[in-house]
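This report refers to the structure that appears directly beneath it.
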Amino acid sequence: MLDFLKILAGNVFKGPSTDGFPFTQAHTPRRFRGKVHLNPALCVGCTICRHVCAGGAIHIAERPDGSGYDYTLWHNTCALCGLCQHYCPTGALSTSGDWHNAHPQSEKYQWCERHFVPFLSCDGCGAPLRPLPPALTGRIYADNHVDAARLMRLCPRCRQIETAMHAREASHEAQSGS
Amino acid sequence: MNDIFPALFHMLVFPGGLFALVAGLFLKGLDRRVEARMQRRVGPPLWQPFLDIVKLALKQTVIPATAQRTAFLAAPVLGFAGMAVCAALIPVAGAYAGLPGLGDLLVLFYLLPLPAVALMVGGSASSSPFGALGFSREMCMMLAYEVPLLAVLLAVAMKVGAATGVGVEFSLSAVVGYQLAHGSLALDPVMWPALAAYLLFLPGTMGVPPFDVPEAETEVLEGPLLEYSGPALGFFHLASALKTMVVLGLGVAMFFPAPLPGGALVNVAWFLAKCAGLMLLTLTVVKAATGRFRVEQAFLFYLKYPAPLALLSLGLAWRGL
Amino acid sequence: MLRKLAARSPWLYRINTGSCNGCDVELLTTACIPRYDVERLGCRYCGSPRHADIVLITGPLTVRLKDKVLRVWEEIPEPKVTVAVGICPVSGGVFRGGYSIAGPVDKYLPIDINVPGCPPRPQAIIEGVIKARDAWLARMGG
Numbered sequence: 721m722l723d724f725l726k727i728l729a730g731n732v733f734k735g736p737s738t739d740g741f742p743f744t745q746a747h748t749p750r751r752f753r754g755k756v757h758l759n760p761a762l763c764v765g766c767t768i769c770r771h772v773c774a775g776g777a778i779h780i781a782e783r784p785d786g787s788g789y790d791y792t793l794w795h796n797t798c799a800l801c802g803l804c805q806h807y808c809p810t811g812a813l814s815t816s817g818d819w820h821n822a823h824p825q826s827e828k829y830q831w832c833e834r835h836f837v838p839f840l841s842c843d844g845c846g847a848p849l850r851p852l853p854p855a856l857t858g859r860i861y862a863d864n865h866v867d868a869a870r871l872m873r874l875c876p877r878c879r880q881i882e883t884a885m886h887a888r889e890a891s892h893e894a895q896s897g898s
Numbered sequence: 018m019n020d021i022f023p024a025l026f027h028m029l030v031f032p033g034g035l036f037a038l039v040a041g042l043f044l045k046g047l048d049r050r051v052e053a054r055m056q057r058r059v060g061p062p063l064w065q066p067f068l069d070i071v072k073l074a075l076k077q078t079v080i081p082a083t084a085q086r087t088a089f090l091a092a093p094v095l096g097f098a099g100m101a102v103c104a105a106l107i108p109v110a111g112a113y114a115g116l117p118g119l120g121d122l123l124v125l126f127y128l129l130p131l132p133a134v135a136l137m138v139g140g141s142a143s144s145s146p147f148g149a150l151g152f153s154r155e156m157c158m159m160l161a162y163e164v165p166l167l168a169v170l171l172a173v174a175m176k177v178g179a180a181t182g183v184g185v186e187f188s189l190s191a192v193v194g195y196q197l198a199h200g201s202l203a204l205d206p207v208m209w210p211a212l213a214a215y216l217l218f219l220p221g222t223m224g225v226p227p228f229d230v231p232e233a234e235t236e237v238l239e240g241p242l243l244e245y246s247g248p249a250l251g252f253f254h255l256a257s258a259l260k261t262m263v264v265l266g267l268g269v270a271m272f273f274p275a276p277l278p279g280g281a282l283v284n285v286a287w288f289l290a291k292c293a294g295l296m297l298l299t300l301t302v303v304k305a306a307t308g309r310f311r312v313e314q315a316f317l318f319y320l321k322y323p324a325p326l327a328l329l330s331l332g333l334a335w336r337g338l
Numbered sequence: 017m018l019r020k021l022a023a024r025s026p027w028l029y030r031i032n033t034g035s036c037n038g039c040d041v042e043l044l045t046t047a048c049i050p051r052y053d054v055e056r057l058g059c060r061y062c063g064s065p066r067h068a069d070i071v072l073i074t075g076p077l078t079v080r081l082k083d084k085v086l087r088v089w090e091e092i093p094e095p096k097v098t099v100a101v102g103i104c105p106v107s108g109g110v111f112r113g114g115y116s117i118a119g120p121v122d123k124y125l126p127i128d129i130n131v132p133g134c135p136p137r138p139q140a141i142i143e144g145v146i147k148a149r150d151a152w153l154a155r156m157g158g
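Chains as they are written, first to last, in the working numbering: chain P, 721 to 898; chain B, 18 to 338; chain D, 17 to 158.
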């Protein structure tokens, strides 16, 4: 019945188990989901992140002049669920270990991630496009002997034509060979 | 006239007033610190209660529009003043013999509930329904814990009176004097039940868990204190610190005044150490280990255990054992 | 000088404006889990708005609670500092645009510190409390 006395005395003896946090660095677990960051070089503008975002924190708006799009991620609406990171096909979004979120009200509207992602133009017809990152194209065309780097600089329509030409050449070669 | 100045000194500086205030606040800090350690936390610094008081002094006092203004503002001062007088009545063995003709157990018995009464007055004057709830709970608790207190005081008075042949000895100085001559009452088996009852009375009167029903912040939002803010709340905290000192000092004086050989300073330190020990034993450990009683459980607890224990001692002392 | 001393005793008060309780649990951990122990900064969670110095607001401010929250907030004596804990009071969070949501809170109350997160880490809350304490000291003129 008096076990609690033993526990209390033990606790006094063992000393506090408190983190030194405000005065020392706090430990952050390896897989901790903190602030989300975008790597604009990898973004292809597929908008799946905007679609899955629980809090609606992601805003993507194309510029009227067609030069690219503005990508805004509001940290003050982000629920840190990590869905965007999970669904991002190119790995452009990642959660960092940064949890130092407290900020004064005056900084409220600066507390976001803003990027301008420019469009490139198609080598064939000049239409605006975002190229897939090389790592991803490498995986997609792993079994095909095509010039993936060239294909990725083409818009989907030109890519179709290019692929069709390629296939016709291949079949001609096969007929003449037999 | 010549008696006035020493009396004023005793009331305002030592052992009442300033001394009791500082000691009481430090005891509160120690209490919070040790409680934190028992829960494996670091806890606030020892002088945290002082910082709290300074903070409260700088805050705005809000008086509810529907409150009884005078009673609302007078209540905390009433509790504080009552306890400041009380603190001067407690003898410190080996350093201070108590005010002649005033250090009386019955006076203490009447003055001790003052902070609780102040709480009740303040709570009901605040016109808040939670204040009224806190009022009724405080009232209930008071009825419960005053019974064992009265029995303990009577037992002590009876015991000392029977031994010295005056019948019933209510003077606290005489009680301490008797113990200095014949050994502490804590060492007398007849008084053990009374001592146990007094130890059980302490958490109740100080309103610490599991007997913090009147100020339960999760149930009645701190009850009578709900509407208080700023300096007025600070006065309640000061009164509580003084009361800590008074009830602990009374316990030490009634049961274990035994002084150390040495000067007055040594004995003041020894007195404080005994108070701190008593507090850790009866307040801190209990607070750290328990939840909260319901009001009827707390009420019945006091009538079931401490009251019969104190009455047992009283009976034994009455039979002249 | 006195103000500097006073700033080391910030008492906290929670207002739940229709929160899912996630942030409230995190607030609780800062006080009740020995690892975070907010009491060593002199903080104490108090039950009455009249005792509070730092107000921690959680939840997206539902339509039903709006007037009550504003009333409780008015009860808190000056000087006080308001902290929005979690993304809901800051922006509406996942409830933003719902038919029952009147928030974000800073439409109605002057917020001083934002601590976004869903919920924020206890350490982040402690960091917010420390920032709020500095803001409080500045407000007292110390």
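C-beta: ideal position from N, C-alpha, C; glycine also.
query                                                                                                              : result
Contact with chain D by A746/P, beta-carbon distance below 8 Å                                                     : yes
Cβ contact check for the region 94-106 of chain B and the region 219-230 of chain B: 3 or more pairs under 8 Å     : no
Burial state of V866/P (16 or more Cβ within 10 Å)                                                                 : exposed
Residue-chain proximity (V302/B, chain P), Cβ-Cβ < 8 Å                                                             : yes
Span of the beta strand (DSSP E), counted from its first residue to its last, around G776/P                        : No beta strand (DSSP E) holds G776/P; DSSP gives it neither H nor E.
Opposing strand residues paired with S188/B [DSSP bridges]                                                         : D121/B
V173/B beta carbon near the ligand NAP (any heavy atom closer than 7 Å)                                            : The ligand NAP is not part of this structure, which contains no ligands at all.
Where the alpha helix (DSSP H) containing V303/B begins and where it ends                                          : V302 to A306
Enclosing beta strand (DSSP E) for S814/P [first to last residue]                                                  : L813 to T815
Cβ-based burial, E827/P [other Cβ within 10 Å; buried from 16]                                                     : exposed
Partner residues on chain P for Q314/B, Cβ-Cβ distance less than 8 Å                                               : Chain P residues near Q314/B: none, gap ~18 Å exceeds 8 Å.
Positions along the region 69-89 of chain D whose CB lies within less than 9 Å of some CB in chain P               : none
Three-state secondary structure (DSSP) of Y791/P                                                                   : strand
DSSP state of C875/P mapped onto helix, strand, coil                                                               : coil
Chain D contact for N821/P (CB, 8 Å cutoff)                                                                        : yes
Contact belief for Y319/B with V164/B at Cβ below 8 Å, rounded distance in angstroms                               : 7 Å
Nearest to L793/P (by Cα), restricted to the options C804/P, G811/P, C763/P and C832/P                             : C832/P
Same chain, Cβ closer than 7 Å to M18/B, neighbours up to 5 away in sequence not counted                           : Residue placement at M18/B cannot be trusted, given a pLDDT of 46 that sits under 50; what the coordinates show is reported in the next sentence. If we look at M18/B and ignore the five residues flanking it on each side, it has no Cβ neighbours.
Minimum C-alpha distance to H254/B - residue among E42/D, H67/D, V41/D and N32/D                                   : H67/D
Best match in S787/P, T815/P and A887/P for proximity to H806/P [C-alpha to C-alpha]                               : T815/P
Under the three-state DSSP convention, the category W27/D falls into                                               : strand
Strand pairing of N130/D, partner residues [DSSP]                                                                  : H823/P and A100/D
Helix, strand or coil at L43/D according to DSSP, with G and I counted as helix                                    : helix
Proximity winner among G280/B, V264/B, L128/B and V312/B, relative to V293/B (alpha-carbon distances)              : As written in the sequence, residue 293/B is Ala, which differs from the Val given in the question. That would be V264/B, whose Cα lies nearest to the Cα of A293/B.
Proximity test, Cβ basis, 8 Å: M223/B and chain P                                                                  : no
Sequence-distant residues of its chain with Cβ nearer than 6 Å to T74/D (five each side left out)                  : N32, S35, C39, D40, V101 and G102
Contact list for G58/D against chain B, beta-carbon separation under 9 Å                                           : P61, P62, Q65, L68, D69 and K72
Under 7 Å (Cβ pairs) to chain B, residues found in the region 730-762 of chain P                                   : N731, V732, K734, P736, S737 and T738
Contacts of L728/P in chain B (Cβ-Cβ under 7 Å)                                                                    : M55, V302, A305 and A306
Per-residue contacts from V79/B into chain D (C-beta, under 8 Å)                                                   : R66, E91 and P93
CB contact check: G776/P to chain D, cutoff 8 Å                                                                    : yes
Own chain residues within Cβ distance below 8 Å of P760/P, not counting five before or after                       : Y791, A812, H835, F836 and V837
Burial state of D343/B, where buried means 16 or more other Cβ atoms lie within 10 Å                               : No information on residue 343/B is available, as it lies outside the stretch 18 to 338 that chain B covers here.
Close-in-space but distant-in-sequence residues of the same chain around A174/B (CB under 7 Å, 5 per side omitted) : L122, V185, E186 and F187
Element boundaries [beta strand (DSSP E), containing T74/D]                                                        : I70 to T74
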